[in-house]
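Going letter by letter, the sequence shown gives residues 0 to 311 in numbering that gives the first Met the number 0.
The beta-carbon is built from N, C-alpha and C at its ideal position, and this holds for glycine as well.
Have a look at the structure below before the remarks.
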Amino acid sequence: MGKRVLVTGGAGFIGSHLCRYLLAQGHEVLCLDNFFTGRKSNIDELLDLHGFELIRHDITESILLEVDQIFNLACPASPVHYQYNPVKTVKTNVMGVINMLGLAKRVRARILQASTSEVYGDPKVHPQTENYWGHVNPIGQRSCYDEGKRVAETLMMDYHRQNQVDVRIARIFNTYGPHMLVDDGRVVSNFIVQALRGEDLTIYGDGRQTRSFCYVDDLVLGLTRLMESPGFSGPVNLGNPCEFTMLELAQLVLELTGSAAGISYLPLPADDPVQRRPDISKAEIELDWTPKVQLREGLQQVISYFRRVLNS
Ligand code: NAD
Ligand code: UDP
Numbered sequence: 000m001g002k003r004v005l006v007t008g009g010a011g012f013i014g015s016h017l018c019r020y021l022l023a024q025g026h027e028v029l030c031l032d033n034f035f036t037g038r039k040s041n042i043d044e045l046l047d048l049h050g051f052e053l054i055r056h057d058i059t060e061s062i063l064l065e066v067d068q069i070f071n072l073a074c075p076a077s078p079v080h081y082q083y084n085p086v087k088t089v090k091t092n093v094m095g096v097i098n099m100l101g102l103a104k105r106v107r108a109r110i111l112q113a114s115t116s117e118v119y120g121d122p123k124v125h126p127q128t129e130n131y132w133g134h135v136n137p138i139g140q141r142s143c144y145d146e147g148k149r150v151a152e153t154l155m156m157d158y159h160r161q162n163q164v165d166v167r168i169a170r171i172f173n174t175y176g177p178h179m180l181v182d183d184g185r186v187v188s189n190f191i192v193q194a195l196r197g198e199d200l201t202i203y204g205d206g207r208q209t210r211s212f213c214y215v216d217d218l219v220l221g222l223t224r225l226m227e228s229p230g231f232s233g234p235v236n237l238g239n240p241c242e243f244t245m246l247e248l249a250q251l252v253l254e255l256t257g258s259a260a261g262i263s264y265l266p267l268p269a270d271d272p273v274q275r276r277p278d279i280s281k282a283e284i285e286l287d288w289t290p291k292v293q294l295r296e297g298l299q300q301v302i303s304y305f306r307r308v309l310n311s
């Protein structure tokens, strides 16, 4: 039977895909967003659909809604955006998460927190397993996000232990797809937009740092499988374990776009993790989930998307 599902950050990149998927599964969707990095254009096609409702709201303020499930995705995810107002980023991850947990407690909803691979910081264990506690700078430029998300996980665990709130924690690794902003600042959208404009691709550092990129459709399936999983067994990594250097990514984007753009090297931002790859054994065993979309295939989708956006 269809449920009433709240998606915070629902007008953002991942949230908008999640809303569309949930509606297609027959659920009612309440999409809540303060439109900091979210865009109405991401959910345009959903606005007239039966069962979809849009609420302009900031999760740092409390709200009372009747729902069965909450996907708490509200939080800027690109370093450029979460560092724009770092105090607000911390508030979103502390006050915002307390508000959503308070709501879940009051209406007995199950709540899934969008956590991140950033809880592992600049990891000294590779690939990262869920039982690794991480290597995070508590006072750096990335801390508002990394430590914010770590506190969000702490709050989820404490509401679970203290108030029996039914929680799920997804540790999401770098995800890409259509609906990323042109000026998002993250590497996949930067490289594709630069290549399509014929501008140099900006590699930070020497380009040998690694990331593992998951296509958004795969991620949405993982998030919903985790939400529907019968019991809470701790945080679960969701990501694609295929690991690439930023130099490899740049070369692939140049090849797929057929762009004659060059590459320029810029300084590496502080505390930029050297390597990142998820161990997804837990998701494979407990959720029967494994990502299907290869980077080359996913990038082609995003390239088509940005071609349309840049030409419109
Ligand atoms: P995004 O910036 O596109 O989406 C975030 C959405 O939350 C936006 O629509 C924004 O307007 C909204 N928002 C921000 N602060 C809010 C607030 N205080 N109240 C209400 N709405 C607010 O980012 P995304 O990539 O879609 O990320 C979604 C979630 O997934 C985030 O919580 C992010 O931390 C997490 N995550 C994403 C990735 C990734 O690679 N995309 C990786 C790890 C974790
Ligand atoms: N990066 C880059 N050029 C860009 C944007 C990012 O080389 O134009 C690098 C960045 O330094 C990092 C990697 O790409 O090493 C991934 O960055 P992103 O901001 O996408 O995600 P995160 O660092 O949060 O994983």
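Practice problem: Return the chain-ordered list of same chain residues with a C-beta closer than 6 Å to the C-beta of S77, the five sequence neighbours on each side being excluded. | Solution: Your numbering for residue 77 matches position 78 in the sequence shown. If you ignore the 5 residues before and after S77, its C-beta comes within less than 6 Å of the C-beta of D183, G184 and R185, all in its own chain and listed in chain order.
Practice problem: Determine, using beta carbons only, whether C18 and L48 come nearer to each other than 7 Å. | Solution: Position 19 of the sequence shown, counted from the first residue, corresponds to residue 18. Position 49 of the sequence shown, counted from the first residue, corresponds to residue 48. For the pair C18 and L48, the CB atoms are not nearer than the 7 Å cut-off.
Quiz item: Which term fits R170, buried or exposed, when burial requires 16 or more other beta carbons within 10 angstroms of its beta carbon?
Solution: Start at 1 with the first residue of the sequence shown, and residue 170 comes out as number 171. Burial call: buried.
Quiz item: Should I58 be listed as close to ligand 1, given that the test is whether its C-beta is under 6 Å from any heavy atom?
Solution: Taking the sequence shown and counting its residues from 1, the one referred to as residue 58 is at position 59. Answer for I58: yes, Cβ within range of ligand 1.
Self-check item: Cβ-based neighbour list, G14, same chain, cut-off 6 Å, excluding 5 preceding and 5 following
Solution: Along the sequence shown, one-based indexing puts residue 14 at 15. Same-chain partners within the cutoff: V6, G8 and L72.
Practice problem: State the start and end residues of the unbroken beta strand (DSSP E) segment that holds E117. | Solution: Residue mapping note: residue 117 aligns to position 118 of the sequence shown, counting from 1. No beta strand (DSSP E) holds E117; DSSP gives it neither H nor E.
Self-check item: Own chain residues within Cβ distance below 8 Å of V219, not counting five before or after
Solution: Sequence index remark: in the sequence shown, residue 219 carries index 220 (1-based). Cβ within range, chain order: I13, H16, L17 and Y20.
Practice problem: Would you tell me roughly how many angstroms separate the C-alpha atoms of I279 and C30, rounded to the nearest one? | Solution: For the purposes of this step, residue 279 is taken as residue 280 along the sequence shown, with counting starting at 1. For the purposes of this step, residue 30 is taken as residue 31 along the sequence shown, with counting starting at 1. So the alpha carbons of these two residues sit roughly 29 Å apart.
Quiz prompt | Per DSSP, the bridge partner or partners of R170 | solution = Counting from 1 along the sequence shown, the entry for residue 170 is found at position 171. DSSP, once it has assigned bridges, lists S114 and N236 as partnering R170.
Quiz item: Run through DSSP, which three-state label would E60 get?
Solution: Counting from 1 along the sequence shown, the entry for residue 60 is found at position 61. Assignment of E60 by DSSP, reduced to helix, strand and coil, places it in the coil class.
Self-check item: Beta-carbon proximity of Y144 to Y81, cut-off 7 Å
Solution: By 1-based counting over the sequence shown, the position of residue 144 is 145. By 1-based counting over the sequence shown, the position of residue 81 is 82. Contact: yes.
Quiz item: When a residue counts only if its C-beta is closer than 7 Å to some heavy atom of ligand 2, which residues count, in chain order?
Solution: My final list is S77, P78, E117, N173, G184, R185, V186, V187, N189, F190, T201, I202, Y203, G204, G206, Q208, R210, M245, L267, P268, D271, P272 and R275.
Practice problem: Measure the C-alpha to C-alpha separation of R109 and E129 and round it to an integer number of angstroms. | Solution: Here residue 109 is taken as the residue at index 110 of the sequence shown, counted from 1. Here residue 129 is taken as the residue at index 130 of the sequence shown, counted from 1. One alpha carbon belongs to R109, the other to E129, and they sit about 21 Å apart.
Quiz item: Which full runs of the beta strand (DSSP E) of 3+ residues lie inside the region 40 to 108, going along the chain?
Solution: Whole beta strand (DSSP E) segments, 3+ residues: 51 to 55 and 68 to 71.
Quiz item: Between L100 and V164, which are expected to be in contact by the criterion C-beta below 8 Å, what is the C-beta distance as a whole number of angstroms?
Solution: For the purposes of this step, residue 100 is taken as the residue at position 101 of the sequence shown. For the purposes of this step, residue 164 is taken as the residue at position 165 of the sequence shown. Between L100 and V164, the beta carbon gap of about 6 Å places them in contact (Cβ cut-off 8 Å).
Quiz item: What's the C-alpha gap between L225 and L286?
Solution: For the purposes of this step, residue 225 is taken as residue 226 along the sequence shown, with counting starting at 1. For the purposes of this step, residue 286 is taken as residue 287 along the sequence shown, with counting starting at 1. Per the coordinates, the alpha-carbon of L225 lies some 6 Å from the alpha-carbon of L286.
Quiz item: What residues are listed by DSSP as bridge partners for Q127?
Solution: As a first step, residue 127 is located in the sequence shown; it is residue number 128 there, counting from the start. Partner(s): P277.
Quiz item: Whose C-beta lies closer than 8 Å to the C-beta of I202 among residues of the same chain, with five residues either side of it excluded?
Solution: Residue numbering aside, residue 202 sits at position 203 when the sequence shown is read from its first letter. Here the set comprises M245, L246, A249, I262, S263, Y264 and L265.
Quiz item: Using a threshold of 6 Å, is the CB atom of F13 nearer than that to any non-hydrogen atom of ligand 1?
Solution: What you label residue 13 is simply residue 14 of the sequence shown in a count that begins at 1. Position check: residue 13 holds Ile in this sequence, whereas Phe was assumed. Checking the Cβ of I13 against ligand 1 gives yes.
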